[in-house]
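K.L.:
In our numbering, the protein residues as written are 3 to 178.
1) Helix, strand or coil, according to DSSP, for residue 31 in the structure here?
2) If the criterion is Cβ atoms closer than 9 angstroms, does the pair residue 11 and residue 117 meet it?
3) Out of 68, 64, 58 and 65, point me to the one whose CA is closest to residue 85's CA.
4) If contacts are defined as beta-carbon pairs under 8 angstroms, then residue 6 and residue 79 qualify, I think. What distance do you get, rounded to the angstrom?
5) Report yes or no: do three or more beta-carbon pairs, one from the stretch 136 to 155 and one from the stretch 97 to 116, lie closer than 8 angstroms?
6) Per DSSP, what kind of secondary structure is residue 6 in: helix, strand or coil?
7) Mind checking residue 120: buried by the 16 CB within 10 Å criterion, or exposed?
8) Closest to residue 91 by C-alpha separation, out of 81, 51 and 160, would be which residue?
9) Any idea what DSSP makes of residue 161, helix, strand or coil?
10) Please classify residue 98: does DSSP put it in a helix, a strand, or coil?
11) Anyone know if the C-beta pair for residue 56 and residue 89 falls short of 9 angstroms?
12) For residue 164, which residues of its own chain have a beta-carbon under 6 angstroms away from its beta-carbon, when the five flanking residues on both sides are left out?
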């Protein structure tokens, strides 16, 4: 049985870098962030429509399901429908009902939720929306998971320290 691990965090919190490093460490694969690629090609004035955000969440789940067939024990997921739902709220103050439901249901997909810390320097690239958004997204993620009693671990420090923290959690959680 493949254990899916999802990585959450505001922009530029090291999710992709950590997924890639862990994939090497664990001998498995990652599921990249479909929404990043889609946004670069389809955004208009740095925005996507609610329908496009729903499409992103559906494709992300499809990519995960396809990758699970090739993964080795663990599948490392760079994002989730929850994150896409949060973008819908951030930019449109609401989400389409189907995306809302996907966000509520997504927690059943993952054996482990990892929140990447925001103490690392912000990488201000053109497609990101600024460090203030990173802080807001980070606070939203933490608050939501605490309010809804979603178990998660938070990782901080260097990439190697983060890899060690996740690896240790996997050893503790799944060696039983």
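The C-beta atom is built at its ideal place from N, Cα and C for all residues, glycine as well.
P.N.:
The short version:
1) strand
2) yes
3) 58
4) Indeed, because the Cβ distance is near 6 angstroms, the residues count as touching under 8 angstroms.
5) Of all C-beta pairs linking the stretch 136 to 155 to the stretch 97 to 116, three or more are shorter than 8 angstroms, placing the two stretches in contact.
6) strand
7) Residue 120 is buried by the Cβ-count criterion.
8) 51
9) helix
10) coil
11) no
12) 20 and 157
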